[in-house]
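Mapping the sequence shown onto the UniProt record's numbering, position 62 (from 1) lands on 62, and the numbers just tick up by one.
We put the beta carbon where it would ideally sit given N, CA and C, even for glycine.
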Amino acid sequence: MGSGASAPRPQATCGQRPTMSNEERTFIAIKPDGVQRGLVGDIIKRFEQKGFKLVGMKFIQAPESLLREHYADLKERPFFPGLVSYMASGPVVAMVWEGLNAVKTGRVMLGETNPADSKPGTIRGDFCIQVGRNIIHGSDSVDSANTEISLWFKPDELCCYTSCANEWIY
Ligand code: DAT
Ligand code: MG
Numbered sequence: 001m002g003s004g005a006s007a008p009r010p011q012a013t014c015g016q017r018p019t020m021s022n023e024e025r026t027f028i029a030i031k032p033d034g035v036q037r038g039l040v041g042d043i044i045k046r047f048e049q050k051g052f053k054l055v056g057m058k059f060i061q062a063p064e065s066l067l068r069e070h071y072a073d074l075k076e077r078p079f080f081p082g083l084v085s086y087m088a089s090g091p092v093v094a095m096v097w098e099g100l101n102a103v104k105t106g107r108v109m110l111g112e113t114n115p116a117d118s119k120p121g122t123i124r125g126d127f128c129i130q131v132g133r134n135i136i137h138g139s140d141s142v143d144s145a146n147t148e149i150s151l152w153f154k155p156d157e158l159c160c161y162t163s164c165a166n167e168w169i170y
């Protein structure tokens with residue numbers, strides 16, 4: 001950059017994540033049933049339309065070791081083995097979405113864990129029926145989002161860029 005040129009937006013925030021900002025990140029994964037049922041486009045569209053910014057995405061058939069770690073807090077639950085084998089049964093779309101209150105708003109967009117309790121208009125409320133086939137994962141806190149993002153993505157797999165829509169959303 002030559003002297004006198006306007007400075008580009010600093011990239012420093014890509015490393016240290018602020019907790020309350022337009023750059024909060026959440027980990028969202030479309031589960032194997034969501035992929036098999038052809039719901040990938042519809043689900044991604046909702047996050048795009050909302051105004052969140054996609055900063056990472058991969059299509060991956062996750063190894064069971066990764067899934068056991070991802071769901072470690074549920075390892076004593078009776079449904080845990082079935083949950084892990086379901087999640088490993090086909091590819092998932094793992095994503096990181098960024099924006100103001102991305103974690104909490106992401107959960108609202110998902111609906112309740114049990115689709116039967118999820119309101120119409122939510123992803124689980126609109127697209128699925130059973131708790132064991134609820135098509136999408138979303139982080140439930142900023143701390144778990146950070147843990148999950150680092151479990152699923154290497155730092156250099158996340159993109160830092162300024163969305164051209166930024167000033168029209170915030
Ligand atoms: P969430 O995915 O809404 O964060 P969770 O973390 O409590 O819910 O559970 C993780 C997943 O485990 C959930 O999406 C579906 C499955 N699950 C939860 N409770 C279940 C149950 N009672 N029977 C079968 N699967 C269940
Ligand atoms: Mg959870």
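Of the listed residues 63, 127, 113, 23, nearest to residue 54 (C-alpha basis) | 23
According to the neighbour-count rule (16 or more other Cβ atoms, all chains shown, within 10 Å of its Cβ), is residue 52 buried or exposed?
-> buried
Cα-Cα separation between residue 164 and residue 105, rounded to whole angstroms | 22 Å
What do you reckon, is the C-beta of residue 33 under 7 Å from a heavy atom of ligand 2?
-> no
Where the alpha helix (DSSP H) through residue 125 begins and ends | 123-127
Please find out if some non-hydrogen atom of ligand 1 comes closer than 7 Å to the beta-carbon of residue 140.
-> yes
With a 10 Å radius around its C-beta and 16 neighbouring C-beta atoms as the bar for buried, classify residue 127 as buried or exposed.
-> buried
Starting from the C-beta of residue 68, find all residues in its chain whose C-beta is less than 8 Å away, skip the five residues before and the five after it, and write them out in chain order.
-> 75, 84
Where residue 118 falls, given that 16 or more other Cβ within 10 Å makes a residue buried = buried
So, is residue 169 buried or exposed, given that buried needs 16 or more other C-beta atoms within 10 angstroms?
-> exposed
Are three or more beta carbon pairs between the region 107-126 and the region 79-98 nearer than 8 Å?
-> no
Collapsed DSSP secondary structure at residue 145 in the structure displayed | helix
Name the DSSP beta bridge partners of residue 57, please?
-> 95
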